[in-house]
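Asker:
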Amino acid sequence: RAARNDADGVRGYVPSMGQIFLRRFQLVTQFRQALDSGQIEVHYQPKVALPDRRVIGAEALVRWSHPEYGRLDPDEFIPVVEATGLVDALTSFVMERALVRVRDWLDRDLRMSAAVNLSVRNLADESFPDRVSEALVRHAVPPELLTFELTESSVMADPERSLPVLRRLRELGVILAVDDFGTGYSSLAYLRRLPVDEVKIDKSFVLGMGTDLSDMAVVRSIVELGHSLRLQVVAEGVEDDAARDKLVQMGCDTAQGYLISRPLSEERFEAWLQARTVREAGSGKWYGEGQNVCT
Ligand code: C2E
Ligand code: MG
Ligand code: MG
Ligand code: MG
Numbered sequence: 562r563a564a565r566n567d568a569d570g571v572r573g574y575v576p577s578m579g580q581i582f583l584r585r586f587q588l589v590t591q592f593r594q595a596l597d598s599g600q601i602e603v604h605y606q607p608k609v610a611l612p613d614r615r616v617i618g619a620e621a622l623v624r625w626s627h628p629e630y631g632r633l634d635p636d637e638f639i640p641v642v643e644a645t646g647l648v649d650a651l652t653s654f655v656m657e658r659a660l661v662r663v664r665d666w667l668d669r670d671l672r673m674s675a676a677v678n679l680s681v682r683n684l685a686d687e688s689f690p691d692r693v694s695e696a697l698v699r700h701a702v703p704p705e706l707l708t709f710e711l712t713e714s715s716v717m718a719d720p721e722r723s724l725p726v727l728r729r730l731r732e733l734g735v736i737l738a739v740d741d742f743g744t745g746y747s748s749l750a751y752l753r754r755l756p757v758d759e760v761k762i763d764k765s766f767v768l769g770m771g772t773d774l775s776d777m778a779v780v781r782s783i784v785e786l787g788h789s790l791r792l793q794v795v796a797e798g799v800e801d802d803a804a805r806d807k808l809v810q811m812g813c814d815t816a817q818g819y820l821i822s823r824p825l826s827e828e829r830f831e832a833w834l835q836a837r838t839v840r841e842a843g844s845g846k847w848y849g850e851g852q853n854v855c856t
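First residue of the sequence shown? That's 562 in full-length UniProt numbering, and the numbers climb one at a time after it.
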């Protein structure tokens with residue numbers, strides 16, 4: 562057990578290749594059961610409209626509570642799961658959860674959208690749009706309240722397969738967003754050709770804005786480019802007031818980040834929403850206690 566914990570390198574211990582392969586192999590073989598046994602959870606991080614603080618929706622972000630390794634972040638297991646067909650099951654799982662949330666919000670007169678991250682395999686799957694369409698009908702959710710986030714590199718992995726899938730999704734009326742924008746190799750030239758509605762500025766630029774003038778320039782030009790293409794522009798990684806103020810000045814439409822809230826479990830997200838609504842009725846404050854809630 563101690564040796565296994567050491568395998569995450571937290572204690573400065575360098576895991577051997579054997580240990581790395583063993584762990585990856587375990588993650589692949591255990592994922593299906595993890596999904597069925599409740600180890601996989603969906604957390605929600607709010608997105609707010611700028612310059613006001615209206616909550617317009619939330620991004621669904623997956624977490625794995627592994628019985629042996631503890632809480633695993635998606636950056637560790639998504640690439641492993643992506644290498645198998647299991648990512649289809651993951652996407653369906655997250656989409657189902659997200660649609661239940663949207664329906665529940667609608668039933669309480671809250672018109673908020675949920676964003677689900679897609680993987681490269683979903684974009685290559687021509688049956689995916691039909692499954693989305695069926696799920697929207699089954700949950701009685703209007704398509705414009707479901708957003709899919711995809712990276713440029715996942716589209717560009719096989720544009721001939723992914724572009725028709727994206728077009729079909731867009732015909733359904735769901736919102737498409739380019740995630741991690743600015744990190745791809747062909748950003749500007751390709752954005753115009755992608756059938757998308759929204760662009761999310763990669764958090765590395767937003768985090769760097771306070772200290773690095775070139776990050777500031779990148780953020781500003783993405784906002785301008787996005788607007789000139791009539792896209793909504795979202796900034797992720799908004800951690801402080803200075804970044805938020807700058808984004809407001811630049812005319813960025815939407816903000817997401819630790820300043821507003823970390824990703825929260827379903828229960829904590831609902832509590833956060835509740836506290837904020839109550840507080841909003843009384844005070845003119847931008848951000849309340851919710852900002853520091855940790856998961
Ligand atoms: P992403 O889609 O770009 O999600 C944003 C990531 O930034 C999340 O990391 C979020 O917790 C983090 N973040 C948000 N605000 C801040 C901030 O203010 N500061 C900093 N430093 N970080 C912030 P997370 O949850 O670890 O997810 C990592 C990536 O894993 C996601 O990046 C996404 O690409 C992928 N992912 C997550 N859930 C899913 C899923 O259900 N399916 C697929 N295919 N990929 C997923
Ligand atoms: Mg995302
Ligand atoms: Mg991102
Ligand atoms: Mg990412």
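Note that CB positions come from ideal geometry on N, CA and C, so glycine has one too.
Let me have the residue list for ligand 2: C-beta closer than 6 Å to any non-hydrogen atom, ordered along the chain.
Answerer: Those satisfying the condition are, in chain order, 620, 678, 710 and 740.
Asker: Just how far apart, CA to CA, sit residue 749 and residue 660?
Answerer: Approximately 32 Å between the Cα atoms of the pair.
Asker: Kindly indicate the opening and closing residues of the alpha helix (DSSP H) around residue 805.
Answerer: Looking at the DSSP string, the run of the alpha helix (DSSP H) that includes residue 805 is 802-811.
Asker: Is the Cβ-Cβ distance between residue 795 and residue 738 less than 8 Å?
Answerer: Taking 8 Å as the Cβ cut-off, residue 795 and residue 738 qualify as a contacting pair.
Asker: Indicate, with yes or no, if ligand 1 has a heavy atom lying under 7 Å from the CB of residue 800.
Answerer: Residue 800: yes, Cβ under 7 Å from ligand 1.
Asker: Is residue 797 near ligand 3 - that is, is its Cβ less than 7 Å away from at least one heavy atom of it?
Answerer: Under cutoff, so the answer is yes.
Asker: I need the straight-line Cα distance from residue 574 to residue 711, nearest angstrom please.
Answerer: Looking at the two C-alpha atoms, the distance is approximately 35 Å.
Asker: Just to confirm the assignment, what range does the beta strand (DSSP E) spanning residue 759 have?
Answerer: Segment 759-762, the beta strand (DSSP E) holding residue 759.
Asker: Within 7 Å: the Cβ of residue 649 and any heavy atom of ligand 1?
Answerer: No - ligand 1 has no heavy atom lying nearer than 7 Å to the Cβ of residue 649.
Asker: Keeping to the same chain, check which residues put their C-beta closer than 8 Å to that of residue 632; ignore five residues upstream and five downstream.
Answerer: Closer than 8 Å at Cβ, skipping near neighbours: 624, 625 and 626.
Asker: Report whether the distance from the Cβ of residue 608 to the nearest heavy atom of ligand 3 is below 7 Å.
Answerer: Answer for residue 608: no, Cβ out of range of ligand 3.
Asker: Just to confirm, is the Cβ distance from residue 862 to residue 609 under 8 Å?
Answerer: In the structure as shown, the chain begins at 562 and stops at 856. Residue 862 is therefore absent and cannot be evaluated.
Asker: Quick one: is the Cβ of residue 807 within less than 7 Å of any heavy atom of ligand 3?
Answerer: For ligand 3, not one heavy atom lies less than 7 Å from the Cβ of residue 807.
Asker: Return yes when at least one heavy atom of ligand 1 lies under 7 Å from the C-beta of residue 640, else no.
Answerer: For ligand 1, not one heavy atom lies less than 7 Å from the Cβ of residue 640.
Asker: Measuring straight from C-alpha to C-alpha, what distance separates residue 629 and residue 756?
Answerer: If I take the Cα positions, the gap works out to 42 Å.
Asker: Nearest to residue 707 by alpha carbon, out of 667, 742, 718 and 770?
Answerer: Out of 667, 742, 718 and 770, 667 has the C-alpha closest to the C-alpha of residue 707.
Asker: Let me check understanding here. Comparing Cα to Cα, which of 577, 727, 611 and 697 lies closest to residue 684?
Answerer: Residue 727 is the option with its Cα nearest to residue 684.
Asker: Please report the residue range of the beta strand (DSSP E) in which residue 826 lies.
Answerer: Note, residue 826: premise wrong, no beta strand (DSSP E); not H, not E.
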